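The numbering of the sequence shown is the UniProt record's numbering, which starts it at 1 and goes up by one.
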Amino acid sequence: LQDWELLVLEKLKWDLVSVIANDFLAHILHHLPLPKDKVDLVKKHAQTFIALCATDYTFAMYPPSMIATGSVGAAIHGLMVSVNNFSGEAITELLASITGTEVDCLKACQEQIEAALAENLKQASQTQQEYSTAKTAAYPASQPTSTPTDVTDINL
């Protein structure tokens, strides 16, 4: 059965081994002079940005390397991580040189990523407020919980 599946994929010329933005993270982070204790944090935030980009059609026009580079730049910018006393502009130029992208395109991508995050957080906040309002309306006389955190108020 697997041989038949492979034959069908081959005839359709489907490439199942495509490169994605996450494949570039290790390469980019290896070439950045980040403090050792911040590498994992920057990587985690960059992965979150990449996942956010995967859910937004506006990033479909960018190649995976650009999304990865912009995500790392956005993570460094958002976390305010010091990269060997590089300024924000110098970090962008360094990132562009690592992946061979144009600085202007990288800036545009990074700004779009940061804007997408802001919009996503705004929507999440509105949803949380609507949920809290609905919960208050549904349970107007409810007693405060005796636990330190009300499980229903956790914002993932």
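Glycine included, each C-beta is placed from N, C-alpha and C at the ideal position.
Since we're looking at a predicted model, the values are computed, not measured.
Quick one: what does DSSP say GLY73 is sitting in, helix, strand or coil?
-> GLY73: helix per DSSP, three-state reduction.
Neighbour-count burial assignment, TYR57, 16 or more Cβ in a 10 Å radius | Residue environment: TYR57 is assigned as exposed (fewer than 16 neighbouring CB atoms within 10 Å of its CB, all protein chains considered).
From the DSSP output, in three-state form, read off GLU102 for me.
-> Coil.
Where in the stretch 3-65 do unbroken runs of the alpha helix (DSSP H), each at least 4 residues long, occur, reported from the N-terminal end onward?
-> Within the stretch 3-65, the complete alpha helix (DSSP H) runs of at least 4 residues fall at 22-31, 39-54.
Label HIS27 either buried or exposed according to how many other C-beta atoms from any shown protein chain fall within 10 Å of its C-beta, with 16 as the threshold for buried.
-> Flag for HIS27 reads exposed.
Assigned secondary structure, LEU1 (DSSP; H/G/I helix, E/B strand, else coil) = Three-state result, LEU1: coil.
Between LYS107, ALA51, GLY88, PHE86, which lies nearest to ASP23 when the distance is taken from Cα to Cα?
-> Of the listed residues, the one whose Cα sits closest to ASP23 is ALA51.
Residue 157 versus LEU16: straight-line alpha-carbon distance, rounded | Residue 157 is absent from the structure shown; the chain starts at 1 and stops at 156.
When DSSP labels each residue in this structure, what does SER97 get in the three-state scheme?
-> In the three-state DSSP reduction, SER97 falls in the helix class (H, G or I).
Determine the DSSP secondary structure at ASN120, reduced to helix, strand or coil.
-> DSSP, read as helix, strand or coil, puts ASN120 in helix.
When the Cα atoms are used, what is the spatial distance from THR48 to LEU6?
-> C-alpha separation (whole angstroms): 33 Å.
Contacts around GLY98, its chain only, beta-carbon distance under 8 Å, and the 5 residues preceding and following it disregarded | Residue identity differs from the one stated: residue 98 is Ile in this sequence, not Gly. Here ILE98 has HIS27, ILE28, HIS31, LEU32, THR69 as same chain residues with Cβ atoms under 8 Å from its own Cβ, once five neighbours each way along the sequence are excluded.
Three-state secondary structure (DSSP) of SER82 | In this structure, DSSP gives SER82 a state outside helix and strand, which the three-state scheme calls coil.
Pick helix, strand or coil for SER87, following the three-state DSSP scheme.
-> Residue state, collapsed to three classes: coil.
Should the stretch 95-112 be regarded as contacting the stretch 65-79, the criterion being three or more beta carbon pairs within less than 8 Å?
-> Yes, since at least three Cβ pairs between the stretch 95-112 and the stretch 65-79 fall closer than 8 Å, the two stretches touch.
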